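J.: Sharing a structure here in structure tokens format.
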Amino acid sequence: MPHLTLPISSAGCSLDVYVGGSDPRRDALRVANLAIPPLIAARMIIDTGASCTAIQETILKSLGLTPTGTSQILTPSSKGAPITCATYDVLLSVYHEKHPLVLGTVAVIGSDFSGQGIDGLIGRDVLQECLMIYDGTAGTFSLAF
Amino acid sequence: MPLEKEQETFERELSRLLASAGKFVLIHGDDVTGIYDTYPDALKVGYERYGLTPFFVKQIAVVNRTNHFTRDIAACRT
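Protein sequence lines correspond, in order, to chains B and E. Under the numbering used here, the first residue of the first sequence carries the number 1, and numbering increases by one thereafter. Under the numbering used here, the first residue of the second sequence carries the number 1001, and numbering increases by one thereafter.
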């Protein structure tokens, strides 16, 4: 099983992922003879308290993406009243030199992480494809997929 | 507000759509285009039929699924 072992940073379990338009969107661009934007690297942290993945909206817009859905979310400041957010369909790839994890169609929430030193949160929707081990004593975490 | 019309269509048609709870509906404007087993299936038809113009995909559910974040993210509201 391919795996990565990375240091736990002050931000937590952070790793770079590559973000692009979803497989169906990339197919549509090919059919229309339009250029497919290259994948963009995003610094994410793994957040087991996030039920889905959220990405800096400016990254999504720089890929030319527009919303294709909505989702209701609850956060500590929403005080029990769900907020309706736009969702985008993306491809997510976790780097591995031989066997990258590629999820071709994932619905993510667009959000603003400005000033936080990260570009987004990897939620449990992506973690359900992985085995994660948090080794606090060694100061590392491992992700197998 | 993006997809406002499609969201209204979804809410208007929800009682009829509930017969297909768990599946994914594809909506374009006022039109319910189809119901599909998976999210990628619905997206695929959406892009094939509407190209890069806006369309809306949503899972049909009796109770609207809510995503939880213990971190206080700045949600980009629709």
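All C-beta atoms in this analysis are idealised placements derived from N, C-alpha and C, irrespective of residue type, glycine included. Predicted, not measured: the structure shown is a model, and the values here were computed from it.
Within 10 Å of its beta-carbon, does Arg1012(E) have 16 or more other beta-carbons around it, so buried, or fewer, so exposed?
T.: Burial call: exposed.
J.: When the Cα of Ile59(B) is compared with those of Asp47(B), Ala35(B) and Gly21(B), which residue comes out closest?
T.: Among Asp47(B), Ala35(B) and Gly21(B), the Cα nearest to that of Ile59(B) is on Gly21(B).
J.: Would you grab the beta carbon distance between Gly110(B) and Ala144(B) for me? Rounded to a whole angstrom, and I think it's under 8 Å.
T.: With a Cβ gap of about 29 Å, Gly110(B) and Ala144(B) do not count as contacting.
J.: Along chain E, which residues have their Cβ under 8 Å away from the Cβ of Ala28(B)?
T.: Those are Tyr1047, Glu1048, Gly1051 and Leu1052, listed as they occur along chain E.
J.: Under 8 Å between beta-carbons, which chain C residues line up against Cys52(B)? List them in chain order, please.
T.: Any reference to chain C falls outside this structure, whose protein chains are B and E.
J.: So the candidates are Val1025(E), Tyr1036(E) and Val1063(E); which of them puts its Cα closest to the Cα of Gly69(B)?
T.: The shortest Cα separation from Gly69(B) among Val1025(E), Tyr1036(E) and Val1063(E) belongs to Val1025(E).
J.: Quick check on Gly120(B): buried or exposed, where buried means 16 or more other Cβ atoms within 10 Å of its Cβ?
T.: It counts as buried.
J.: Report the residue ranges of all alpha helix (DSSP H) runs contained in full by the region 51-109 of chain B; include only those spanning at least 4 residues, in chain order.
T.: 57-62, all fully within the region 51-109 of chain B.
J.: Determine, for Asp89(B), whether the minimum Cβ-Cβ distance to residues of chain E falls below 8 Å.
T.: True, the Cβ-Cβ gap to chain E drops below 8 Å.
J.: Quick one: Cα of Ser10(B) to Cα of Gln116(B), how far?
T.: Cα to Cα, the separation comes out at about 12 Å.
J.: Can you list, in chain order, the residues of the region 49-82 of chain B whose Cβ is nearer than 7 Å to any Cβ on chain E?
T.: Residues Gly49, Ala50, Ser51, Cys52, Ala54, Glu57, Thr66, Pro67, Thr68, Gly69, Thr70, Ser71, Gln72, Ile73, Leu74, Thr75, Pro76, Ser77 and Pro82.
J.: Answer yes or no: do Thr48(B) and Ile1073(E) have a C-beta to C-beta separation smaller than 8 Å?
T.: Not closer than 8 Å, so no.
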